[in-house]
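The structure under discussion appears below in the form of structure tokens.
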Amino acid sequence: MSEEITIDTQELGEKIVRVLKTIYDPEIPVDIYELGLIYDVFVNEDNDVKILMTLTSPNCPVAESLPVEVEEKVKSIDDLNDVEVEITFDPPWTQELMSEEAKLELGLL
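Letter by letter, the sequence shown follows residues 1 to 109 in the UniProt record's numbering.
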């Protein structure tokens with residue numbers, strides 16, 4: 001029984017990542033997942049999701065709207081129960097958190 005749940009939460013995790021990869025920081029042509037703005041995604045047995053994320057800076061122009069967009073888009077996944085997005089600036093975002101793909105896209109490699 002527990003194996004089934006593990007597969008399900010893993011599958012849900014992958015679905016969530018796919019959705020996160022459709023959300024972009026308006027100032028940077030790279031999705032928020034590749035930018036390294038997503039610190040963690042937790043899915044429990046009740047299919048409640050908690051996403052721990054950051055912003056490129058506390059003064060980011062989308063500080064209000066981006067977490068809402070993340071929550072709404074992730075909530076559109078059928079099998080999920082509840083979605084909570086928490087913003088943290090600890091640790092603060094740096095370019096080091098970006099994937100190789102994002103760095104290539106932005107000409108940083």
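C-beta: ideal position from N, C-alpha, C; glycine also. Just so it is clear, the structure is predicted and the values come from calculations on it, not from any experiment.
Please state the DSSP three-state secondary structure of E105. Within the sequence shown, the letter at position 105 stands for residue 105. If DSSP states are grouped into helix, strand and coil, E105 belongs with the helices.
Please say whether V68 and V19 have beta carbons closer to each other than 7 Å? To locate residue 19, count along the sequence shown from 1; it is residue 19. To locate residue 68, count along the sequence shown from 1; it is residue 68. The criterion of a C-beta distance shorter than 7 Å is not satisfied by V19 and V68.
Look at E34 and S99 and say whether their C-beta atoms are less than 7 Å apart. Mapped onto the sequence shown, residue 34 falls at position 34. Mapped onto the sequence shown, residue 99 falls at position 99. Result yes, Cβ atoms of E34 and S99 sit closer than 7 Å.
Within 10 angstroms of the Cβ of L109, are there 16 or more other Cβ atoms? Answer buried if so, exposed if not. Within the sequence shown, the letter at position 109 stands for residue 109. Label assigned to L109: exposed.
Could you give the distance in angstroms between the alpha-carbon of residue 110 and the alpha-carbon of W93? Lying before the first or after the last residue shown, residue 110 is absent from the chain, which here runs from 1 to 109.
To which residues of the same chain is E3 closer than 8 Å at the C-beta, ignoring the five residues directly before and after it? In the sequence shown, the residue the question calls residue 3 occupies position 3. Here E3 scores only 48 on pLDDT, less than 50, and its place in the model should not be relied on; the value that follows carries that caveat. Closer than 8 Å at Cβ, skipping near neighbours: no residue.
Going by the CB atoms, is the gap between V85 and V62 shorter than 7 Å? The residue given as residue 62 occupies position 62 in the sequence shown. The residue given as residue 85 occupies position 85 in the sequence shown. Contact flag unset, no.
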